[in-house]
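Enquirer:
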Amino acid sequence: AAATTAVAGNGVVTVKRTVHGYKKLSHVNRKELSRTTISLPPMEFDTYALWIDADAAYLKDVVFNFDGGVHALSHAMVAVAPLFVSCTSSDIDCDHGRYDCTRILIYDQRAGGSGVTAQLYGFLVQTLQAAVDLLEECTSCYSIKGYDGGCPACLQSVPCDNFHQDLSRSAGILVGKHLCERLENSNLKSGKDQLKEGVPAKIDCPVQSEPRSTNDMQSSIKPKNIVIGRASWMENNERARWAEVDE
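Just so we're aligned: the sequence shown equals residues 3 to 249 in my numbering.
Okay, structure coming up:
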């Protein structure tokens with residue numbers, strides 16, 4: 003990558019969730035009984051996040067099921083985050099977009115930010131490498147030939163708004179190794195002293211935006227009611243992504 007290419011960043015993002023309907027399942031065999039479409043305003047809040055550029059311009063043409071790999075790698079990073087910072091999988095979440103993926107994005111579930119991703123940014127390279135190790139070394143997945151969607155021991159250990167659809171463990175390994183090499187070749191590694199102190203490392207060229215203070219972030223939150231919900235489906239299978247970077 004060119005020296006001026008942004009490979010990672012952190013800052014404030016706007017999370018949007020839209021519930022388009024619900025379905026009734028049988029208590030006996032979990033089969034779908036009916037679907038109902040509803041119209042609700044989007045649920046929106048500002049929070050803190052980190053992201054890694056997925057180098058889509060290059061990898062999309064060389065990695066089969068690239069979007070599924072980015073989705074899988076995002077799940078894996080959420081799963082291994084507690085190894086580096088004090089948190090659970092309910093404290094953070096990732097962008098579960100399944101189409102035209104361009105970045106791995108992990109954000110705080112709490113409106114205004116909880117500080118988890120701010121700390122995790124200081125261990126970005128280590129977290130990404132641990133996520134790749136998780137995908138490579140999951141023994142449960144290796145016991146099932148021809149299945150690439152992960153299992154509750156790895157990819158499916160975290161909640162997913164898309165119900166763990168379109169996950170590709172093998173593609174995630176290829177994407178993760180490429181991004182690890184990309185990060186190691188950046189000046190992110192020069193922040194080792196900051197990492198020891200638990201302070202997020204700064205990147206001169208790659209960083210996309212400087213993090214704002216907690217007071218600035220709190221003042222930027224839109225006065226909306228925060229409703230907890232799970233995204234469902236779009237009519238006519240329309241593509242939807244609900245985590246958008248606040249430019």
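Ideal placement from N, C-alpha and C gives every residue a C-beta, glycine not left out.
Is the Cβ-Cβ distance between V21 and L35 less than 7 angstroms?
Expert: Working through the sequence shown from its first residue, we reach residue 21 at position 19. Working through the sequence shown from its first residue, we reach residue 35 at position 33. No, the Cβ-Cβ distance between V21 and L35 is not below 7 angstroms.
Enquirer: Return the first residue and the last residue of the alpha helix (DSSP H) that R171 is part of.
Expert: Here the question's residue 171 lines up with position 169 in the sequence shown. Counting along the chain, the alpha helix (DSSP H) containing R171 begins and ends at R171 to E186.
Enquirer: Which residue comes first and which comes last in the alpha helix (DSSP H) that contains D135?
Expert: Counting from 1 along the sequence shown, the entry for residue 135 is found at position 133. D135 -> alpha helix (DSSP H) spans L126 to E139.
Enquirer: According to DSSP, which residues form a beta bridge with I54?
Expert: The residue given as residue 54 occupies position 52 in the sequence shown. I54 pairs with A10 and I106.
Enquirer: Touching or not, the region 106-125 and the region 158-175, by the rule of three or more beta carbon pairs under 8 angstroms?
Expert: no
Enquirer: Is the separation between the beta-carbon of V134 and that of S91 shorter than 7 angstroms?
Expert: Locating residue 134 in the sequence shown gives position 132, counting from the first residue. Locating residue 91 in the sequence shown gives position 89, counting from the first residue. Taking the C-beta atoms as reference points, S91 is found no nearer than 7 angstroms to V134.
Enquirer: With a threshold of 16 other CB atoms inside 10 Å of the CB of R19, please say whether the residue is buried or exposed.
Expert: Working through the sequence shown from its first residue, we reach residue 19 at position 17. By the 10 Å Cβ count, R19 comes out buried.
Enquirer: How would you call D63, buried or exposed, if buried means at least 16 neighbouring beta carbons within 10 angstroms?
Expert: In the sequence shown, residue 63 corresponds to position 61, counting from 1. Its Cβ having fewer than 16 others within 10 Å, D63 is exposed.
Enquirer: Let me know the secondary structure DSSP gives T119 once reduced to three states.
Expert: Residue numbering aside, residue 119 sits at position 117 when the sequence shown is read from its first letter. Looking at T119 - three-state DSSP - the assignment turns out to be helix.
Enquirer: Tell me, which residues are paired with R37 by DSSP?
Expert: In the sequence shown, the residue the question calls residue 37 occupies position 35. As DSSP reads the structure, R37 sits in a beta bridge with K25.
Enquirer: Is G11 near W53, with beta carbons less than 7 angstroms apart?
Expert: Along the sequence shown, read from residue 1 onward, the residue named residue 11 stands at position 9. Along the sequence shown, read from residue 1 onward, the residue named residue 53 stands at position 51. Cβ distance < 7 angstroms, so G11 and W53 count as in contact.
Enquirer: How should V65 be labelled, buried or exposed, when 16 other C-beta atoms within 10 angstroms of its C-beta is the threshold for buried?
Expert: One-based indexing of the sequence shown puts residue 65 at position 63. By the 10 Å Cβ count, V65 comes out buried.
Enquirer: For the alpha helix (DSSP H) containing D69, list its first residue and its last residue.
Expert: Residue mapping note: residue 69 aligns to position 67 of the sequence shown, counting from 1. Run containing D69: F68 to V82, per the alpha helix (DSSP H) assignment.
Enquirer: Which residue or residues does DSSP assign as beta-bridge partners of D95?
Expert: One-based indexing of the sequence shown puts residue 95 at position 93. Its beta-bridge partners are Y109.
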